[in-house]
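Everything below concerns the one structure shown next.
Right, dumping it as structure tokens:
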């Protein structure tokens with residue numbers, strides 16, 4: 001049976017990745033460059049890229065191109081369990097790098113379903129596993145729900161505080177995932193290259209009464225870690 005052109009291109013690129021001619025996290029040649037190299041049309045290249053993407057071999061970053069997916073042993077699982085609960089047996093810690101009380105920005109107020117004149121805790125913290133930074137988290141939580149939220153709380157288990165100290169019951173977390181190229185600040189905090197994509201998860205957490213309790217943006221250092229998403233509790 002005759003092999004289709006896009007299958008031949010896919011197979012060749014996959015072999016190069018397996019042979020580490022294209023390293024994990026490395027950007028692949030552009031469509032134009034691949035068209036010229038393989039002497040095929042853009043449609044053929046796009047079909048080949050689609051097959052590689054669906055196989056989990058590459059990831060696409062809008063406006064930046066295609067990158068070889070990082071394949072490493074799973075080191076972290078993101079779910080509605082807190083970071084402290086999930087890594088109870090690991091050498092882990094949370095480091096709060098910013099904690100302020102501010103009037104809710106318009107977008108945050110809308111997501112939390114509160115007035116623009118209401119205050120929210122705005123926090124940033126870096127999460128470490130075995131001494132290495134694996135996450136940068138930015139979150140906004142209503143003062144009305146958490147008047148006594150503190151740096152000490154955020155350096156421990158946030159979910160323990162919400163459920164066991166405050167007595168709230170968490171129902172779900174609506175999440176949006178997108179690969180991005182990190183900013184200079186994110187690169188500095190996570191000690192990563194600006195030229196390799198990372199995973200950004202934007203989420204809104206809800207209590208069982210339907211009220212949002214948190215808006216968060218989490219940036220995952222996927223350079224050496226796989227991330228498994230389990231959005232139930």
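In UniProt numbering, the protein residues as written are 1 to 233.
Heads up, the beta-carbon is just placed ideally off N, CA and C, and yes, glycines get one too.
In this text the structure is predicted, and so the values were computed from the model without any measurement.
* Asked: Could you give the residue range of the beta strand (DSSP E) that holds residue 146?
  -> Boundaries cannot be given for residue 146, as no beta strand (DSSP E) includes it and DSSP labels it neither H nor E.
* Beta-ladder partner(s) of residue 122, from DSSP -> 100 and 140
* To do: Tell me, please, which residues DSSP counts as bridged to residue 60.
  => DSSP lists 66 as the bridge partner or partners of residue 60.
* Ignore the nearest five residues each way along the sequence and tell me which others in residue 123's own chain have a CB closer than 7 angstroms to its CB. => 96, 98, 99, 139 and 154
* To do: Alpha carbon to alpha carbon, how far is residue 37 from residue 203? Give it in angstroms, no decimals.
  => 42 angstroms
* To do: Determine the DSSP secondary structure at residue 114, reduced to helix, strand or coil.
  => coil
* Alpha carbon to alpha carbon, how far is residue 30 from residue 63? -> 11 angstroms
* To do: Out of 117, 26, 134 and 110, point me to the one whose CA is closest to residue 60's CA.
  => 26
* Opening and closing residue of the alpha helix (DSSP H) in which residue 10 lies -> 5-18
* To do: Rank 219, 214, 222 and 42 by C-alpha distance to the C-alpha of residue 119 and give the top, closest one.
  => Looking at 219, 214, 222 and 42, the one whose alpha-carbon comes closest to that of residue 119 is 214.
* To which residues does DSSP link residue 94 through a beta bridge? -> 127
* **Supposed close pair residue 199, residue 220 - CB separation, criterion 8 angstroms** => 4 angstroms
* Asked: What's the C-alpha gap between residue 183 and residue 34?
  -> 28 angstroms
* Among residues of its own chain, excluding the 5 on either side of residue 133, which ones have a beta-carbon nearer than 8 angstroms to its beta-carbon? -> 126, 127, 189, 190, 191 and 221
* To do: Let me know the secondary structure DSSP gives residue 28 once reduced to three states.
  => coil
* Asked: Looking only at C-alpha atoms, which of 56, 174 and 49 sits nearest to residue 9?
  -> 49
* Paired residues, beta bridge with residue 133 - DSSP -> 128
* Reduced DSSP category for residue 173 - H, G, I as helix; E, B as strand; rest coil -> strand
* **Where residue 166 sits in the DSSP three-state scheme** => In the displayed model, residue 166 falls within coil according to three-state DSSP, outside both helix and strand.
* **In DSSP terms, what residue 53 is bridged to** => Within the DSSP secondary-structure output, residue 53 pairs in no beta bridge.
* To do: Between the Cα of residue 216 and those of 209, 205 and 210, spot the shortest distance and give me the residue it belongs to.
  => 205
* What does a CB cutoff of less than 6 angstroms around residue 176 pick up in its chain, not counting 5 residues either side in sequence? -> 202
* Taking C-alpha atoms, which residue in 150, 55, 65 and 136 lies nearest to residue 101? -> 150
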